[in-house]
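Peer 1: I'd like to ask you about the structure that follows.
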Amino acid sequence: MNHGGMIKYVILSLFLLVITAKTKAQHCPFDMSGIIVVNIHTDKDTALLTGLTISLIDSNGKWVADFWQNPPRTTFKGYIDNENPAEPKRIRFPFAKDNYVLVTRSRFKLEQYNIKISYTRPDKKKDLFETLIISATNDDVYSLCGTYDEEVYPGWMLNDKQYAYKPVEVVVKVK
Numbered sequence: 137m138n139h140g141g142m143i144k145y146v147i148l149s150l151f152l153l154v155i156t157a158k159t160k161a162q163h164c165p166f167d168m169s170g171i172i173v174v175n176i177h178t179d180k181d182t183a184l185l186t187g188l189t190i191s192l193i194d195s196n197g198k199w200v201a202d203f204w205q206n207p208p209r210t211t212f213k214g215y216i217d218n219e220n221p222a223e224p225k226r227i228r229f230p231f232a233k234d235n236y237v238l239v240t241r242s243r244f245k246l247e248q249y250n251i252k253i254s255y256t257r258p259d260k261k262k263d264l265f266e267t268l269i270i271s272a273t274n275d276d277v278y279s280l281c282g283t284y285d286e287e288v289y290p291g292w293m294l295n296d297k298q299y300a301y302k303p304v305e306v307v308v309k310v311k
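Residue numbering for the sequence shown follows my numbering, beginning at 137 and increasing consecutively.
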């Protein structure tokens with residue numbers, strides 16, 4: 137390879153290196169992540185019930201992960217990257233409002249799990265409702281990439297049908 141060809145090779149290599157680095161830096165902080173949102177209220181009121189314990193359990197009833205109530209604001213600081221990984225419990229997902237959320241993989245097979253909802257009164261008196269175990273579908277897992285900071289979750293076209301965001305809604309009968 138002559139001197140001119142070598143310079144072109146070096147310039148091309150540097151250009152590709154810069155483009156690759158820039159592309160990696162532009163990935164969504166929640167690339168390949170999904171979110172499950174649960175809205176729980178009573179049959180007498182549409183206000184969200186707070187102070188609940190909501191868990192994802194497997195088919196044997198074994199605990200897998202806990203949901204948390206979407207925080208009022210984001211307290212996570214800095215860019216999200218390998219050096220500063222996301223802490224979802226400290227990030228507000230505006231479209232999820234004040235509902236309970238769980239961040240998972242975007243292709244999470246939710247149908248293989250159940251959602252367990254319980255409430256224990258701090259005063260140890262009679263619980264507001266019995267512990268519930270509900271099922272959900274894979275359609276209840278929504279992609280976070282490009283949407284995590286949106287006020288309104290955009291509708292998507294998936295398999296020629298509109299895939300509109302809707303939280304899992306649970307209505308409990310108060311004792």
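Ideal placement from N, C-alpha and C gives every residue a C-beta, glycine not left out.
By the 10 Å Cβ neighbour count, where 16 or more other Cβ atoms means buried, how is K309 classified, buried or exposed?
Peer 2: Within the sequence shown, numbered from 1, the residue matching residue 309 stands at position 173. Exposed, because fewer than 16 other Cβ atoms sit within 10 Å of the Cβ of K309.
Peer 1: Would the region 240-254 count as touching the region 222-229 if we require 3 or more Cβ pairs under 8 Å?
Peer 2: The answer is no - the region 222-229 does not touch the region 240-254, with fewer than three Cβ pairs under 8 Å.
Peer 1: With DSSP run on the structure shown, which of helix, strand or coil describes I253?
Peer 2: Within the sequence shown, the letter at position 117 stands for residue 253. In this structure, I253 counts as strand in the three-state DSSP scheme.
Peer 1: Below 7 Å CB to CB, which residues in the same chain sit around T273 once its five sequence neighbours on both sides are set aside?
Peer 2: For this step, residue 273 is matched to residue 137 along the sequence shown. L246, E247.
Peer 1: Please classify D96 as buried or exposed, where buried requires at least 16 neighbouring CB atoms within 10 angstroms.
Peer 2: There is no way to answer for residue 96, as the model of the chain reaches only from 137 to 311.
Peer 1: When the Cα atoms are used, what is the spatial distance from L185 to P303?
Peer 2: As a working mapping, residue 185 is identified with position 49 in the sequence shown. As a working mapping, residue 303 is identified with position 167 in the sequence shown. Using only the alpha carbons, I get a separation of about 14 Å.
Peer 1: In terms of alpha-carbon separation, which member of G197, W204, L280 lies closest to I176?
Peer 2: Residue numbering aside, residue 176 sits at position 40 when the sequence shown is read from its first letter. Considering only alpha carbons, the answer is W204.
Peer 1: Answer yes or no: do V237 and I172 have a C-beta to C-beta separation smaller than 8 Å?
Peer 2: For the purposes of this step, residue 237 is taken as residue 101 along the sequence shown, with counting starting at 1. For the purposes of this step, residue 172 is taken as residue 36 along the sequence shown, with counting starting at 1. A contact, by the Cβ cut-off of 8 Å.
Peer 1: Drop a sphere of 10 angstroms on the beta-carbon of V307, count the other beta-carbons inside from all chains shown, and report buried for 16 or more, exposed for fewer.
Peer 2: Translated into positions along the sequence shown, residue 307 becomes position 171. Answer is exposed; the Cβ neighbour count stays below 16.
Peer 1: In whole angstroms, give me the CA-to-CA distance for K198 and T256.
Peer 2: For the purposes of this step, residue 198 is identified with residue 62 of the sequence shown, where counting begins at 1. For the purposes of this step, residue 256 is identified with residue 120 of the sequence shown, where counting begins at 1. In a straight line, the C-alpha of K198 is about 19 Å away from that of T256.
Peer 1: With DSSP collapsed to three states, give me the class of I227.
Peer 2: Within the sequence shown, the letter at position 91 stands for residue 227. Of the three classes helix, strand and coil, the one that applies to I227 here is coil, per DSSP.
Peer 1: Check whether the Cβ of E247 sits closer than 7 Å to any heavy atom of the ligand FMN, and report yes or no.
Peer 2: Judged by which ligands are present, the structure shown has none, so any question about the ligand FMN falls away.
Peer 1: Would I253 and L150 qualify as a contact pair, given that the criterion is a beta-carbon distance under 8 Å?
Peer 2: Counting from one through the sequence shown, the residue named residue 253 turns up at place 117. Counting from one through the sequence shown, the residue named residue 150 turns up at place 14. No, these two residues do not count as a Cβ contact at 8 Å.
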